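Protein chains in written order, with my numbering: chain A, 29 to 141; chain B, 33 to 145. We put the beta carbon where it would ideally sit given N, CA and C, even for glycine. As the structure is a prediction and not an experimental result, all values here were calculated from the model. Report on one structure; see the data block that follows.
See the structure below:
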């Protein structure tokens, strides 16, 4: 059973396009996250949702818009893609208030050409 | 803001030997959690070990153990009897009780046969 899944795993697209990455977790967690890992492997949080409510919103261009239809899903939509958006995007989930760790999805490698 | 510093960008160790990865953090919080994650070439983020700040006893998981020094804000990871499969990026992470997690820049560990 896949705890946190992301689709697609690889995404190649041209500058200026709009794309979405989907994330689903079946762990019953109430909090989900999006992280960006750049080419130097630095992992930085972008957004966090708790029960469909945005609770962390780091300094991310407003071209990035997370959407949480329910607490098991957190999708990331990116408008007007730029070269600098090329990275690996990780979805994660956890139970708020728990000492448990965050569970990560397999990552989506986005390449903008 | 919390910061996590991993001062060793790269390290190597001979198979079967012991290696220690360093991590320091800065926070004004008293209750928090610390983690070490491993990211092998498959890019999956895998939890190695976690430590609750209120626990004085150092966490251990088989060949992995930590040296947690709360006053010094230090959280190093010791890998004993290193195996080839331990080759990976290792990330130290700090998490507040709100589940806001911040990562260090990572240490690339290579285990040599």
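- Using a Cβ-Cβ cut-off of 8 Å, residue 71 (chain A) counts as an interface residue toward chain B, since at least one Cβ of chain B sits closer than that to its own.
- One alpha carbon belongs to residue 103 (chain A), the other to residue 48 (chain B), and they sit about 43 Å apart.
- Residue state for residue 116 (chain B) is assigned as helix, using DSSP reduced to three classes.
- Selection A:49, A:121, A:136, A:135 evaluated against residue 95 (chain A) yields A:49 as nearest (Cα-Cα).
- With contact defined as three or more Cβ pairs closer than 8 Å, the region 32-50 of chain A and the region 121-141 of chain A are in contact.
- For the C-beta of residue 132 (chain B), the chain A residues within less than 8 Å are, from N- to C-terminus, 73, 76, 84.
- For residue 129 (chain A), a Cβ of chain B is located within less than 8 Å of the residue's own Cβ.
- Setting aside the 5 residues that flank it on each side, residue 36 (chain A) is surrounded in the same chain by 136, each with a C-beta closer than 7 Å to its C-beta; the list follows chain order.
- Secondary structure of residue 58 (chain A) (DSSP, three-state): coil.
- Pairing residue 121 (chain B) with residue 138 (chain B) gives a Cβ-Cβ distance under 8 Å.
- When A:123, A:124, A:106 are compared, the shortest CA-CA separation from residue 117 (chain A) is found for A:106.
- Counting along the chain, residue 119 (chain A) sits inside the beta strand (DSSP E) bounded by residues 115-122.
- Between residue 109 (chain B) and residue 52 (chain B), the C-beta spacing is below 8 Å.
- Taking residue 132 (chain A) as reference, the option from A:80, A:39, A:55 with the minimal CA-CA separation is A:55.
- Not one beta carbon of chain B lies nearer than 8 Å to the beta carbon of residue 94 (chain A).
- Put simply, the CB of residue 56 (chain A) is far from chain B, with every gap to its CB atoms at 8 Å or more.
- Straight through space, the alpha carbons of residue 41 (chain A) and residue 85 (chain B) are spaced by roughly 44 Å.
- Secondary-structure assignment with DSSP links residue 75 (chain A) through a beta bridge to A:62, A:85.
- Under the three-state reduction of DSSP, residue 111 (chain A) is assigned to helix.
- Around the CB of residue 78 (chain B), fewer than 16 other CB atoms lie within 10 Å, so the residue is classed as exposed.
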